[in-house]
Amino acid sequence: MKAIVVKPGPHRVRLSWENAADPRPGPGEVLLEVHATAVNRADLLQARGQYPPPPGVTEILGLEAAGVVRELGAGVSGWSAGDRAMALLPGGGYAERAVAHAGLLLPLPEGWSFAQGAAVPEAWIAAYLNLFEEAGLRAGEIVLIHAGASGVGTAAIQLAVAEGARVYATAGAAAKLAACRALGAEAAIDYKTPDFAVEVKARSGGRGVDVILDPVGAAHLRRNLELLAPCGRLVNIGVMGGSRAEIDLALILSKSLRLIGSRLRPRPLAERVGIVGRFRERVLPRFLAGELKPVIDRVLPIAQAEAAHELIRENRNIGKVVLEIPRPA
Numbered sequence: 000m001k002a003i004v005v006k007p008g009p010h011r012v013r014l015s016w017e018n019a020a021d022p023r024p025g026p027g028e029v030l031l032e033v034h035a036t037a038v039n040r041a042d043l044l045q046a047r048g049q050y051p052p053p054p055g056v057t058e059i060l061g062l063e064a065a066g067v068v069r070e071l072g073a074g075v076s077g078w079s080a081g082d083r084a085m086a087l088l089p090g091g092g093y094a095e096r097a098v099a100h101a102g103l104l105l106p107l108p109e110g111w112s113f114a115q116g117a118a119v120p121e122a123w124i125a126a127y128l129n130l131f132e133e134a135g136l137r138a139g140e141i142v143l144i145h146a147g148a149s150g151v152g153t154a155a156i157q158l159a160v161a162e163g164a165r166v167y168a169t170a171g172a173a174a175k176l177a178a179c180r181a182l183g184a185e186a187a188i189d190y191k192t193p194d195f196a197v198e199v200k201a202r203s204g205g206r207g208v209d210v211i212l213d214p215v216g217a218a219h220l221r222r223n224l225e226l227l228a229p230c231g232r233l234v235n236i237g238v239m240g241g242s243r244a245e246i247d248l249a250l251i252l253s254k255s256l257r258l259i260g261s262r263l264r265p266r267p268l269a270e271r272v273g274i275v276g277r278f279r280e281r282v283l284p285r286f287l288a289g290e291l292k293p294v295i296d297r298v299l300p301i302a303q304a305e306a307a308h309e310l311i312r313e314n315r316n317i318g319k320v321v322l323e324i325p326r327p328a
């Protein structure tokens, strides 16, 4: 098969579409003929050697994919060859074929393209996990979603609104702010303003917010803690703005705050299977009903993976950047 192979260089990382070893499904796994995958920031980090895959996982990039089930490993039930599916992967999506655990597959909704399906597993499951299972977001609460125009952000806005929460979102460009509002955010705030926290505080009547979903990290930590209302929850899902910061423990104690660090990929398989199962029960029906839909910035051929990574690195995307795998006519 062909796959994207990472080739580090002195000045830039090259992503080359070339021959690679075919994967084989083991017990409990399926072989997926990949038609589309999507780019995540974890892919950029892994390509630069900053986020190695878990032990035993392929070094091929790609945490999500959509395609057709072609082969079943021993013990797999509920799936058949020819089924169209979306897959949450520990790696391997940037390839013509990928192995996925059967418990991490979701059926591709009727009428959806493979590009739409590829835009769901990592971003939407992460948004669901962190808003509801980690932060316990409830109807009527206020959630602040940083990087609201990102893949996870656009998913999180829709999920929170659908659950009856009030959503504030931050972004850094007029088009991104408009996109957040179009998805249902009550307020869209430019994080590049002198202090976005002042506007958030004002809009909440001085109370603050109940939940914050933040991929930025250190650069936002102080203001995040100040913005949380009593018993507020901060879920940190990234460190784009640095990983080290000073914390005022007195503030955390006085307001009974909770700080939660969360990643999906490193979790034990059984835990990921459980998360996907609950996502399937709670969220998939809303896709089927047309209430929710992935936001796709653009679809590029897999051979343009480098260009896709640049779009993400330079924060030029609204929603997901999808890579299509060529198939014979």
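Following numbering that gives the first Met the number 0, the numbering of the sequence shown begins with 0 at its first residue and continues without gaps. Ideal Cβ positions, reconstructed from N, Cα and C, are used throughout, including at glycine.
- Counting along the chain, Y50 sits inside no beta strand (DSSP E), nor does DSSP assign it H or E at all.
- Under the 8 Å Cβ criterion, the segment 77-88 does not count as touching the segment 299-309, having fewer than three qualifying pairs.
- Bridge partners of R257 according to DSSP: R232.
- For the pair R165 and P22, the Cα-to-Cα distance works out to about 44 Å.
- Between the alpha carbons of A161 and P293 lies a distance of about 14 Å.
- Annotation for L31: the continuous beta strand (DSSP E) segment containing it runs 28-37.
- Here D194 is exposed: its Cβ has fewer than 16 other Cβ atoms, across all protein chains shown, within 10 Å.
- For V166, the secondary structure class from DSSP, reduced to helix, strand or coil, is strand.
- For A155, the CB contacts under 7 Å within the same chain, skipping 5 residues up- and downstream, are A126, L130, I144, L212 in chain order.
- Judged by DSSP in its simplified three-state form, G171 adopts coil rather than helix or strand.
- Annotated three-state conformation of A187 is strand, per DSSP.
- Our two residues, R69 and V33, have alpha carbons roughly 10 Å apart in a direct line.
- In terms of Cβ geometry, E28 and A101 form a close pair [threshold 8 Å].
- In the structure shown, R297 falls within a strand segment according to DSSP collapsed to helix, strand and coil.
- By the criterion of at least three beta-carbon pairs nearer than 8 Å, the segment 259-277 is in contact with the segment 224-236.
- Judged by pairs of C-beta atoms under 8 Å, the segment 182-191 does not touch the segment 243-250, as fewer than three such pairs exist.
- In this structure, L136 and V199 do not form a Cβ contact; the two beta carbons are roughly 16 Å apart against a cut-off of 8 Å.
- Boundaries of the beta strand (DSSP E) around A86: 83-87.
- A direct Cα-Cα distance of roughly 12 Å separates V275 from E132.
- A residue is called buried once 16 or more other Cβ atoms fall within 10 Å of its Cβ, and G92 is buried on that count.
- In this structure, A170 lies near C179, with their beta-carbon atoms less than 8 Å apart.
- One alpha carbon belongs to L158, the other to G216, and they sit about 22 Å apart.
- Within its own chain, the residues whose Cβ lies closer than 7 Å to the Cβ of H219, once the five positions on either side in sequence are excluded, are H145, D213, G240, listed in chain order.
- Sorting R47, P284, L104 by C-alpha distance to the C-alpha of S76 places L104 at the top.
- If you look at G152, you'll find it in the alpha helix (DSSP H) that goes 150-161.
- When DSSP states are grouped into helix, strand and coil, R13 belongs to the strand group.
- In the three-state reduction of the DSSP assignment, D213 falls in the strand class.
- Across the set D42, P26, L224, the C-alpha of L224 shows the shortest separation from the C-alpha of A244.
- Apart from sequence neighbours up to five positions away, the residues of its chain that approach L44 with a beta-carbon distance below 6 Å are Y50, ordered along the chain.
- For G116, the enclosing alpha helix (DSSP H) starts and ends at 113-117.
- In the DSSP assignment, no residue is bridged to K292.
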